[in-house]
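Protein sequence lines, in the order shown, are assigned to chains A and B. So the first sequence is numbered by my numbering: it starts at 1 and just counts up by one. So the second sequence is numbered by my numbering: it starts at 1 and just counts up by one. Here a beta-carbon is modelled for each residue, glycine too, at the ideal position from N, C-alpha and C. Structure first, commentary second.
2 protein chains.
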Amino acid sequence: MKIYLDCIPCFLRQTIESARLTTDDELVHESITREVLRLTAEMDMDQSPPAIGQQIHRLIRSLAGNDDPYRTLKEKYNIMAMRLYSELAKKVRESINPIESAIRLAIAGNIIDLGVKTSLNESEVEDIIRKSLYQAFDNTDFDEFCGEIDKARDILYLADNAGEIVFDRLLIELLPLEKITVVVKGYPVINDATMQDAEFVGLTAITDVIDNGSDAPGTILETCSQRFQARFEQADLIIAKGQGNYETLSNSSKKIFFILKTKCPVIAKDLSCDIGTMVLRKGRF
Amino acid sequence: MKIYLDCIPCFLRQTIESARLTTDDELVHESITREVLRLTAEMDMDQSPPAIGQQIHRLIRSLAGNDDPYRTLKEKYNIMAMRLYSELAKKVRESINPIESAIRLAIAGNIIDLGVKTSLNESEVEDIIRKSLYQAFDNTDFDEFCGEIDKARDILYLADNAGEIVFDRLLIELLPLEKITVVVKGYPVINDATMQDAEFVGLTAITDVIDNGSDAPGTILETCSQRFQARFEQADLIIAKGQGNYETLSNSSKKIFFILKTKCPVIAKDLSCDIGTMVLRKGRF
Chain A
1 MKIYLDCIPC FLRQTIESAR LTTDDELVHE SITREVLRLT AEMDMDQSPP
51 AIGQQIHRLI RSLAGNDDPY RTLKEKYNIM AMRLYSELAK KVRESINPIE
101 SAIRLAIAGN IIDLGVKTSL NESEVEDIIR KSLYQAFDNT DFDEFCGEID
151 KARDILYLAD NAGEIVFDRL LIELLPLEKI TVVVKGYPVI NDATMQDAEF
201 VGLTAITDVI DNGSDAPGTI LETCSQRFQA RFEQADLIIA KGQGNYETLS
251 NSSKKIFFIL KTKCPVIAKD LSCDIGTMVL RKGRF
Chain B
1 MKIYLDCIPC FLRQTIESAR LTTDDELVHE SITREVLRLT AEMDMDQSPP
51 AIGQQIHRLI RSLAGNDDPY RTLKEKYNIM AMRLYSELAK KVRESINPIE
101 SAIRLAIAGN IIDLGVKTSL NESEVEDIIR KSLYQAFDNT DFDEFCGEID
151 KARDILYLAD NAGEIVFDRL LIELLPLEKI TVVVKGYPVI NDATMQDAEF
201 VGLTAITDVI DNGSDAPGTI LETCSQRFQA RFEQADLIIA KGQGNYETLS
251 NSSKKIFFIL KTKCPVIAKD LSCDIGTMVL RKGRF
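This is the structure in structure tokens:
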């Protein structure tokens, strides 16, 4: 997906929120914002939005001198999600259609996206989770998704955010674990999950987890490690979680299923649905 | 009031909305947006937000080749407001406190601000007007306002937007008309009222109306005509309507009363009140 003009005010809002989270120094907030304005003024709009996100967050980390500004928040959301895990795992087991329930919960977890909304309290998260189990859900591609899982031999599950990966675990546990490799980011960017989060929430104990070698808030193959690129090439099915992975891989011809909640009007329009929709959508294969 | 970082995403949102309203050419939308990004990257943040607004809208008009892109919308809101005029004038006459009711309606009319919200339908406007008559209203400075009106010999009423000026008329008609001069903008900018609007809604028939010679969406004295600057200097009371006039005159030591509805978090914070508050507030005199 390319960058739309409407992404620009949002880049700026995210920049300011993230700068404030990263340092208390108002002069640094201002220089970060001015740098991002210069960057966006000259940007190539044919890139995907996370390509700019990657540059913006590099800038913020470098100008504020903080390698992982979202570390504390990532821990907070990991712990919050883990506290809900057993109860939700029970709900999934007892459900009429466990896979669909697990997908719904994985999508609900996608609300923990600090690029979209910096503050989010526990009751908001619980409320969204409760609603996700009965909210309308476009399951047009559900049967094909299940069929492709059965056929595949090598599945990559591209994770999105810390905290959210606990909800992904509910789904991953229902999949044939021997075929699954979970992919996290190579370096911190916003609250995207890294290996540290995968270990913390126990994902590494149940399945293979690798990192993609990149600090983009999505999957921009050319900025990923050679090793990950080869691994992506070799996989015969990709499950891509969240907006960032949709924005960066929506034009790919790989066999991809996207699982996300639409949280911005541009992405909702690109997917021809309303904001707030729970989406399981096959890619262009 | 200076520019805050939080104004920047809003400048960009306004730019894009306004560019789309002004021309259908998407390449022009993009070049306008890039120019505004360059402009804001290097701007002096000690200016008031309308100083940037002025530059942005000059840029939009010039790059899109349209001198008055909001002309049709201004006419629409003038007509919509005039349709409500008689009924509202009756409400004011029959009210226990006509001046307060007229101020409330003048504030309600301040919702017709296309810099803040591009589309606004008639039922929204009517709803806001109805609510304004009983909604909480900080009238701390009300008695002083009435006292200063009595004492003053030369009052400038700085108008804000087209459509809105019909609601201002309800208040102006209750003031000593021989002391009042209404001030409109010298050139089109967003949907700010110009002489054309003042004539259209009949304001020129009941009181003196002058223009300030400027195309800023507020009152930036140094960009106004010499004649208006002298007139401002000479006046002994100023009634300043709307956010733009507050942003540009809040630091003035002139005897000013601001009448507005807070429509953005930055201004609400500057005024120590919530968004959506109806405000009659004395200046720094």
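One or two residues paired with valine 184 of chain B in a DSSP bridge: Residue pairing by DSSP places valine 184 of chain B opposite B/Asp211 in a beta bridge.
Secondary structure, beta strand (DSSP E): runs of 3+ residues fully inside the stretch 147-178 of chain A: Annotation: the stretch 147-178 of chain A contains the following complete segments of the beta strand (DSSP E) (minimum length 3 residues), in chain order: 155-158.
Contact with chain B by alanine 41 of chain A, beta-carbon distance below 8 Å: Chain B, which has a Cβ nearer than 8 Å to the Cβ of alanine 41 of chain A, makes this yes.
6 Å CB neighbourhood of valine 92 of chain B in its chain, flanking five on each side removed: If we look at valine 92 of chain B and ignore the five residues flanking it on each side, its Cβ neighbours are Pro98, Ser101, Ala102, Leu170.
Leucine 237 of chain B burial status per 10 Å Cβ neighbour count (16 or more: buried): Buried is the call here.
Inter-stretch contact at 8 Å, needing at least 3 Cβ pairs: the stretch 74-89 of chain A / the stretch 160-169 of chain A: The stretch 74-89 of chain A, when compared against the stretch 160-169 of chain A, does touch it at the 8 Å Cβ threshold.
Which of helix, strand or coil DSSP assigns to isoleucine 205 of chain A: Here the sequence assigns alanine to residue 205 of chain A, which means isoleucine is not the residue at that position. Helix.
From A/Lys151, A/Pro188, A/Glu222, residue whose alpha carbon lies closest to that of alanine 235 of chain A: Taking only the C-alpha atoms, the option nearest alanine 235 of chain A is A/Lys151.
Assigned secondary structure, phenylalanine 120 of chain A (DSSP; H/G/I helix, E/B strand, else coil): This sequence places leucine at residue 120 of chain A; phenylalanine is not what is there. For leucine 120 of chain A, the three-state secondary structure derived from DSSP is coil.
Beta-carbon separation (whole angstroms), threonine 218 of chain B vs glycine 244 of chain B, contact threshold 8 Å: It should be noted that the sequence gives glycine, not threonine, for residue 218 of chain B. Confirmed, about 3 Å.
Minimum C-alpha distance to methionine 45 of chain A - residue among B/Ile52, B/His29, B/Arg58: The residue with the shortest Cα to Cα distance from methionine 45 of chain A is B/His29.
Whole alpha helix (DSSP H) elements within the stretch 18-80 of chain B, 4-residue minimum: The alpha helix (DSSP H) runs of length 4 or more contained entirely in the stretch 18-80 of chain B are, from start to end of the chain, 26-41, 49-64.
Serine 214 of chain A versus lysine 185 of chain A: straight-line alpha-carbon distance, rounded: Taking the CA atoms as reference points, serine 214 of chain A sits about 6 Å from lysine 185 of chain A.
Beta-carbon proximity list for tyrosine 85 of chain B, same chain, < 6 Å, skipping 5 on both sides: If you ignore the 5 residues before and after tyrosine 85 of chain B, its C-beta comes within less than 6 Å of the C-beta of Val166, all in its own chain and listed in chain order.
Within chain A, partners of isoleucine 16 of chain B - CB distance below 9 Å: Simply Leu5, Asp6, Ile8, Pro9.
8 Å contact criterion, which alanine 198 of chain A and valine 182 of chain A should meet: CB distance rounded: About 7 Å separates the beta carbons of alanine 198 of chain A and valine 182 of chain A, which is inside the 8 Å limit, making them a contact pair.
DSSP state of leucine 133 of chain A mapped onto helix, strand, coil: Under the three-state reduction of DSSP, leucine 133 of chain A is assigned to coil, being neither helix nor strand.
DSSP beta-bridge partners of arginine 227 of chain B: Its beta-bridge partners do not exist; DSSP assigns none.
Neighbour flag for threonine 37 of chain B against chain A, beta carbons, 8 Å: The sequence given here has leucine at residue 37 of chain B, not threonine. For leucine 37 of chain B, at least one C-beta of chain A is nearer than 8 Å to its own C-beta.
Identified DSSP bridge partners for phenylalanine 257 of chain B: The partner list for phenylalanine 257 of chain B (beta bridge, DSSP) reads B/Ile239, B/Lys282.
Assumed close pair phenylalanine 145 of chain B, phenylalanine 257 of chain B - CB separation to whole angstroms, cut-off 8 Å: Yes, phenylalanine 145 of chain B and phenylalanine 257 of chain B are in contact; Cβ-Cβ is about 5 Å, under 8 Å.
C-beta neighbour in chain A for threonine 33 of chain B, strict 8 Å: Yes, threonine 33 of chain B counts as interfacial toward chain A.
Local conformation of aspartate 270 of chain B per DSSP, three classes: Assignment of aspartate 270 of chain B by DSSP, reduced to helix, strand and coil, places it in the helix class.
For threonine 262 of chain A, three-class secondary structure by DSSP: Residue state, collapsed to three classes: coil.
Under 8 Å by beta carbon: chain B residues contacting glutamate 30 of chain A: Neighbourhood of glutamate 30 of chain A in chain B, by CB distance below 8 Å: Leu5, Met45, in chain order.
Beta bridge counterpart(s) of aspartate 127 of chain B as assigned by DSSP: Under DSSP, no beta-bridge partner is assigned to aspartate 127 of chain B.
Residues near aspartate 154 of chain A by beta carbon distance below 6 Å, same chain, minus five either side: If we look at aspartate 154 of chain A and ignore the five residues flanking it on each side, its Cβ neighbours are Ala235, Asp236.
For lysine 282 of chain A and lysine 255 of chain A, the rounded distance between their alpha carbons: Cα-Cα distance, rounded: 8 Å.
Cα-Cα separation between arginine 61 of chain A and aspartate 24 of chain A, rounded to whole angstroms: When rounded, the distance between both Cα atoms is 13 Å.
Same chain, Cβ closer than 6 Å to methionine 1 of chain B, neighbours up to 5 away in sequence not counted: Non-local C-beta neighbours of methionine 1 of chain B in its own chain, meaning closer than 6 Å and more than five positions away in sequence, comprise Ser48, Glu247, Ser250, Asp270, ordered along the chain.
Start and end residues, alpha helix (DSSP H) containing serine 101 of chain B: Segment 98-109, the alpha helix (DSSP H) holding serine 101 of chain B.
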